[in-house]
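When you number the sequence shown by my numbering, it's gap-free, plus one each residue, and the end is 137. Beta carbons are placed, not taken as given, at the ideal position from N, Cα and C, and that holds for glycine.
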Amino acid sequence: AIPKGPSMNPAKKRLAIMVEDHPLEYGAFEGIIPPGNYGAGAVVIWDEGSYTLAEGGDPEEQLENGRFSFELKGKKLKGHFSMALLKGRGKGNQWLLMKKRDQEADPTFKLETALTGDKRQKLEVKIPPCETDSGPS
1 AIPKGPSMNP AKKRLAIMVE DHPLEYGAFE GIIPPGNYGA GAVVIWDEGS
51 YTLAEGGDPE EQLENGRFSF ELKGKKLKGH FSMALLKGRG KGNQWLLMKK
101 RDQEADPTFK LETALTGDKR QKLEVKIPPC ETDSGPS
């Protein structure tokens, strides 16, 4: 989770909080999760794409070392990023997300919400499919 959202501006570092893994089915889910359910509220897909680890190696090992770099190939987020563990804060789950200076960097980047009033009106109240399954498949 990135409370203030990501930035394409290398001068802006963002707090990133590690959360539990989500089922892959969440990757295509948009809707309003009703109150009383896990993750209640509006859910929209802000960006989509792929990534590659820039430094190679085992991602679990990089997590344990508290630093890793990757390249995002999204519609909005592109280029090289790195993350560094903030030691001595939280429960070891607080990181800094940093955009690297590359051709995709944009010092004028402004974060825009994907949840406009019009978009919110079009969302349906529903529970993600992975939450309605009777068990693991």
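Burial is judged here by how many other beta carbons sit within 10 angstroms of a residue's own beta carbon; Ala-28 has fewer than 16 and is exposed. Contact check for Val-44 and Lys-126: beta-carbon distance about 13 Å, past the 8 Å limit, so the pair fails to qualify.
Per the Cβ contact rule, the stretch 51-62 is not in contact with the stretch 9-25 (fewer than 3 Cβ pairs under 8 Å). Taken in chain order, the unbroken stretches of alpha helix (DSSP H) that lie wholly in the stretch 53-119 and span 4 residues or more are 59-65. Contact between the stretch 83-93 and the stretch 104-121 is not established, with fewer than three Cβ pairs separated by less than 8 Å. DSSP, read as helix, strand or coil, puts Leu-123 in coil.
The beta carbon of Arg-67 sits closer than 6 Å to those of Ala-84, all from its chain and outside the five residues before and after it, given in chain order. In this structure, Ala-105 places its C-beta atom within 8 Å of the C-beta atom of Met-8.
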